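So the structure is just underneath, and the comments pick up after that.
There are 2 protein chains.
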Amino acid sequence: MAGSEDVPTPPWRKSRKPTPLKRQLNQDLIVDAGLRIVDTEGLDALSMRRVAQEFDTGPASLYAHVANKEELLELIYERVLGEIELPERDPSRWKDQLRAYAMEVHRVLTAHADVARVALASVPSGENSILAGEFVFGLLIEAGMSPREASLSMDRIHLYVTGDAYEGSLHYARMRAAGLDDPREYFERFAGQLADYYRALPTERFPHIQKFVDDLIADDGEERFRYGLELLLAGIEARMP
Amino acid sequence: MAGSEDVPTPPWRKSRKPTPLKRQLNQDLIVDAGLRIVDTEGLDALSMRRVAQEFDTGPASLYAHVANKEELLELIYERVLGEIELPERDPSRWKDQLRAYAMEVHRVLTAHADVARVALASVPSGENSILAGEFVFGLLIEAGMSPREASLSMDRIHLYVTGDAYEGSLHYARMRAAGLDDPREYFERFAGQLADYYRALPTERFPHIQKFVDDLIADDGEERFRYGLELLLAGIEARMP
DNA sequence: TTCTTCCAACGAACGCTGTTCGTTACGAAC
DNA sequence: GTTCGTAACGAACAGCGTTCGTTGGAAGAA
């Protein structure tokens, strides 16, 4: 605020030099810009050109700081994972803590809608993924599970959470493509179309779908996620010694 | 075999007409070619140009039979779903039948490796999807579940199966990109790298991961899928009246 | 038979993508 | 004061999905 940076340098001063020093790019700034674009315009809008545009330059400038687009996506994903808050482990409350953890990851992924589409594709390797893994793995082991089963359960919980968030992000992208802004309006329109389609099916071949259309479209994404999570937790509980 | 089609027509016969009649394209043939390409070269190799090439023509020719690439992908997915074999419903054996169904879908999706990447993205609307839905939904209802819960359970089973197959297909694509052919060799290499990475972590921050590296990489995709499926089935069973 | 209509086929082009190459010019080190 | 490493970047490449406008053969009408 104290400097004169905001005042544009007159073109006649110091003769011709439109960019005195522009060494401003670095990986963090690029990831910032990338996440900003994903949040506001969606993952489909994220291209190397679009990110470069944010710095008034061409796509080639990014490759000094980021190996390729895939690495940029993983860096963005890792940054988002950093928003997860992990509590102190309490093995006696493992079920509550595992539920809360799953919902927290789901919440963070859903908050940055399209990022979930990266989550499934990338191998968890960043610091934040490992921290989350240590939390869940340790929790299950300390609760009495064998390391082998704890590994499998952690893996399945992770797949379920990211898979559901991924599916949700596809709907989000579809909503965006349809020009809508309100998720509830999208859901109602989508469910309505699906219901009409189901109702138009021949009764003799699809009696149950025909008869219970309303039940088939009753629950939205959040309730479905919760239900499946409870199924998994019940399954894990049954195996807990 | 009986005709003279294999002998090229001499250019001087009937003057100039290199293509007497070429009205040979139709949707089924296009889907055939598409699935063939996905199976042999992978989903990433599937482009409208590549499909058109199969008919010695340009991409524009396809758009008379297929709305766009997305529709082509859904048609391919629907065709693959047609390979699912459904038994007679027997509600008294609902758990066995549900397990067999899930494994059958998983098997079919895995057989056409990359198709799973379409499965998650597309809304189930074709005849084969609906038939599969009626089977599972009816099975759960006849076994005594409320329509509402049967709907949720069906949805979660579907998400789990396709989500796992999707994750598997990503590994498959990665294997392909690495120039490997044997899934077992890929798994061992991948697991080995992951193990090295885990072992290199600081012990004090990640004690459990550090200590049980072998358990973390013990199971391959098939076993993980089975384990998660049993978790879900146990969860459903606990809710079955 | 002759004429008209229709539409699958398709060549060419548009605008977009991720990535690479070769050049430039600045900051720092010698 | 010169050299050197390297971030920045303009230009280009090969590929993508899709659209437009034309063409020519098949089918229906007269």
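In the order they appear, the protein sequences are chains S and E.
Be aware that the first sequence starts at 1, since it is given in our numbering, and climbs by one per residue.
Be aware that the second sequence starts at 1, since it is given in our numbering, and climbs by one per residue.
Cβ atoms here follow ideal geometry from the backbone N, Cα and C, with glycine treated the same way.
Since the model is a prediction, treat every value here as computed from it, not as a measurement.
- Message: Please report the distance separating the alpha-carbon of E/ARG218 from that of S/ASN128.
- Response: For clarity, residue 218 of chain E is Ala in the given sequence; the question names Arg instead. So the two alpha carbons sit approximately 23 Å from each other.
- Item | Through-space distance from S/ALA191 to S/VAL31, alpha-carbon basis | 36 Å
- Item | Under 8 Å by beta carbon: chain S residues contacting E/SER61 | Those within 8 Å of E/SER61 in chain S number zero; the least Cβ separation is about 26 Å.
- Task: Could you list the residues in the region 88 to 115 of chain S with a C-beta less than 9 Å from some C-beta on chain E, going in chain order?
- Result: none
- Item | For S/VAL161 and S/ALA261, believed in contact at Cβ under 8 Å, the rounded distance | Given a span of 1 to 241 for chain S in the structure shown, any question on residue 261 of chain S remains unanswerable.
- Message: Please state whether the Cβ-Cβ distance between S/LEU152 and E/LEU232 is less than 7 Å.
- Response: no
- Output yes or no for whether 7 Å exceeds the beta carbon distance between E/ASP114 and E/GLY42. yes
- Query: So the alpha helix (DSSP H) E/ASP44 belongs to, where does it begin and stop?
  - Reply: From DSSP, E/ASP44 is part of no alpha helix (DSSP H); its letter is neither H nor E.
- Query: Does any C-beta atom of chain E lie closer than 7 Å to the C-beta of S/ALA173?
  - Reply: no
- Item | Closer than 7 Å to chain S by CB, E/ALA206 | Residue identity differs from the one stated: residue 206 of chain E is Phe in this sequence, not Ala. Chain S, which has a Cβ nearer than 7 Å to the Cβ of E/PHE206, makes this yes.
- Enumerate in chain order the residues of its own chain whose CB-to-CB distance from S/PRO183 is below 8 Å, with the five nearest sequence positions on each side excluded. TYR172 and MET175
- Query: Within this structure, are the beta carbons of E/TYR77 and E/ALA116 separated by less than 7 Å?
  - Reply: no
- Message: Suppose the cutoff is 8 Å on Cβ atoms and the five residues either side in sequence are ignored; what does the same chain contact list for E/GLU237 look like?
- Response: LYS95
- Message: Classify S/ASP155: buried if its beta carbon has 16 or more other beta carbons within 10 angstroms, exposed otherwise.
- Response: buried
- Residues in its own chain within less than 8 Å of E/SER61 by CB, not counting five upstream and five downstream? LEU25, ALA52 and PHE55
- For E/LEU229, which residues of its own chain have a beta-carbon under 6 Å away from its beta-carbon, when the five flanking residues on both sides are left out? ALA102
- Can you have a look at S/SER97 and say buried or exposed, based on whether 16 or more other CB atoms are within 10 angstroms of its CB? Residue 97 of chain S is actually Gln in this sequence, not Ser. With 16 or more Cβ atoms within 10 Å of its Cβ, S/GLN97 is classed as buried.
- DSSP on S/ILE157, reduced to helix/strand/coil? helix
- Query: Of the residues S/ARG79, S/ALA165, S/PRO207 and S/LYS69, which one's Cα is nearest the Cα of S/GLU222?
  - Reply: S/ALA165
- Chain-ordered chain S contacts of E/GLU54 [CB-CB under 7 Å]: Correct list: empty, because the minimum Cβ distance to chain S is about 28 Å.
- Item | Residue closest to S/ALA177, alpha-carbon to alpha-carbon, out of S/ASP44, S/VAL38 and S/ASP39 | S/ASP44
- Query: Would you report the Cα separation of E/GLU70 and E/SER125, rounded to the nearest angstrom?
  - Reply: 14 Å
- Got a sec, what are the start and stop residues for the alpha helix (DSSP H) E/GLN210 sits in? 207 to 211
- Which residue comes first and which comes last in the alpha helix (DSSP H) that contains S/GLN193? 183 to 199
- Query: With a Cβ-Cβ cutoff of 7 Å, do S/TYR198 and S/ILE209 count as a contact?
  - Reply: yes
- Bounding residues of the alpha helix (DSSP H) (the contiguous stretch that carries S/PHE137): 127 to 142
- Message: Does E/GLN24 come out as helix, strand or coil in the three-state DSSP assignment?
- Response: coil
- Could you work out which residues of chain E lie near S/SER169, taking near to mean beta carbons separated by less than 7 Å? In chain order: nothing, as chain E lies at least about 10 Å away.
- Residues that S/ILE209 contacts on chain E, provided the C-beta gap is smaller than 9 Å: ILE130, GLY133, GLU134, PHE137 and GLY138
- Do you know offhand how far S/ILE141's Cα is from S/PRO87's? 16 Å
- Query: Does the Cβ-Cβ distance between S/ALA150 and S/PHE135 come in under 7 Å?
  - Reply: no
- With a cut-off of 7 Å, does the C-beta of E/GLY228 fall near any C-beta of chain S? yes
- Item | E/GLY168, buried or exposed, once every other Cβ within 10 Å from all chains shown has been counted against 16 | buried
- List the residues of chain E that S/TYR197 touches, going by C-beta distances under 8 Å, in chain order. SER125
- Message: Rounded to the nearest angstrom, what separates S/PRO202 and S/ILE130 at their Cα positions?
- Response: 51 Å
- Message: Looking at the secondary structure, which residues open and close the alpha helix (DSSP H) in which E/PHE225 lies?
- Response: 221 to 239
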